[in-house]
Amino acid sequence: MNKIFAALVLTGAAAFGVAQFPSATGSFTSTPNGGTFNYTITVQNTGSLNIAQFWFAWIPDLNFMIPLPTAIGSPTGWNPIVTGLGGPFDGYGIQWTATGAANYLAAGASKQFTFTSAMTPAELAGPSFYNPHPPVGTSFVYEPSLAFGSQFVVTAAVPEPATLATVGFGLALLRRRRRARG
Numbered sequence: 337m338n339k340i341f342a343a344l345v346l347t348g349a350a351a352f353g354v355a356q357f358p359s360a361t362g363s364f365t366s367t368p369n370g371g372t373f374n375y376t377i378t379v380q381n382t383g384s385l386n387i388a389q390f391w392f393a394w395i396p397d398l399n400f401m402i403p404l405p406t407a408i409g410s411p412t413g414w415n416p417i418v419t420g421l422g423g424p425f426d427g428y429g430i431q432w433t434a435t436g437a438a439n440y441l442a443a444g445a446s447k448q449f450t451f452t453s454a455m456t457p458a459e460l461a462g463p464s465f466y467n468p469h470p471p472v473g474t475s476f477v478y479e480p481s482l483a484f485g486s487q488f489v490v491t492a493a494v495p496e497p498a499t500l501a502t503v504g505f506g507l508a509l510l511r512r513r514r515r516a517r518g
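Quick note, the sequence shown lines up with residues 337 to 518 if you use our numbering.
Written out as structure tokens, the structure is:
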């Protein structure tokens, strides 16, 4: 009897499709702003499902940013909520939710989310205060039914090779100019 039930369940799963999970990658850039930093997170949908929610610096029941994030910005059609209690036993996270199907993050597309924080880029890219210290950038995305989510880590953006070459060329010119003056 159990073998028949298992066969029916597997046949049903094949006929109706197996549960799929969303998939994403994320990176952040930062700009100093006095004693704080303005952050821009770019989330890329790398899967085949639409994404309706993005939770940053969060896993269920844990929030990883110590100072309260401020000046939270959202893509068109997305609303933010700060999560967490703050204090010594819980930090903060940010949950962004699409307001409708027209605003979902589609497969292959990307969206940008912003906030300001007193956390330095090194702190944001580093381990959280929870033991065993998951990264602060640990995040989740959820598909529209919110039944299935996937965890990933938002990391510091790596400059493009062309950007590095331009910076290197500029530094070489600056050194040459200083030598000519000296």
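Where a beta carbon is used, it is the ideal one built from N, C-alpha and C, also for glycine. None of the values given here were measured: they were computed from a predicted structure.
Alpha-carbon spacing of residue i relative to residue j, whole angstroms
{"i": "PHE488", "j": "PHE476", "result": "6 Å"}
{"i": "THR412", "j": "ASN439", "result": "7 Å"}
{"i": "ASN386", "j": "LEU421", "result": "30 Å"}
{"i": "PHE373", "j": "ALA443", "result": "30 Å"}
{"i": "PRO405", "j": "LEU398", "result": "15 Å"}
{"i": "PRO463", "j": "MET401", "result": "10 Å"}
{"i": "SER453", "j": "VAL418", "result": "13 Å"}
{"i": "ALA449", "j": "ILE408", "result": "In the sequence as displayed, the identity of residue 449 is Phe instead of Ala. In a straight line, the C-alpha of PHE449 is about 8 Å away from that of ILE408."}
{"i": "ASN415", "j": "LEU482", "result": "16 Å"}
{"i": "PRO384", "j": "PRO480", "result": "What sits at residue 384 in the sequence shown is Ser, not Pro. Taking the straight line from one Cα to the other gives about 12 Å."}
{"i": "ASN369", "j": "ALA437", "result": "35 Å"}
{"i": "PHE495", "j": "ASN467", "result": "For clarity, residue 495 is Pro in the given sequence; the question names Phe instead. Distance between the alpha carbons of PRO495 and ASN467 is about 31 Å."}
{"i": "ALA461", "j": "PRO358", "result": "23 Å"}
{"i": "TYR428", "j": "GLN356", "result": "29 Å"}
{"i": "PRO471", "j": "SER410", "result": "23 Å"}
One or two residues paired with residue i in a DSSP bridge
{"i": "GLN448", "result": "THR378"}
{"i": "PRO471", "result": "PRO463"}
{"i": "PHE364", "result": "ILE377 and ALA492"}
Cβ-Cβ separation, residue j to residue i (assumed contact under 8 Å), whole Å
{"i": "SER363", "j": "ALA493", "result": "4 Å"}
Among the options, nearest to residue i - alpha-carbon criterion
{"i": "PRO403", "options": "SER410, TRP394, GLY423 and ASP397", "result": "GLY423"}
{"i": "PHE465", "options": "GLN356, TRP394 and GLN380", "result": "TRP394"}
Residues near residue i by beta carbon distance below 7 Å, same chain, minus five either side
{"i": "VAL490", "result": "GLY362, SER363, PHE364, ILE377, PHE392, GLY473 and SER475"}
{"i": "HIS469", "result": "PRO463"}
{"i": "GLY371", "result": "ALA454"}
Cut-off 6 Å between Cβ atoms - residues of its own chain near residue i, not counting five sequence neighbours on either side
{"i": "GLY485", "result": "PHE476 and TYR478"}
{"i": "TYR375", "result": "PHE364, SER366 and PHE451"}
{"i": "LEU441", "result": "ASN381, ILE387 and LYS447"}
{"i": "PHE390", "result": "VAL379, TRP432 and VAL477"}
{"i": "ALA299", "result": "Any answer about residue 299 is impossible in this case: the structure gives the chain only from 337 up to 518."}
Contact set for residue i: own chain, Cβ-Cβ below 8 Å, skip 5 residues either direction
{"i": "THR435", "result": "GLY413, TRP414 and ASN415"}
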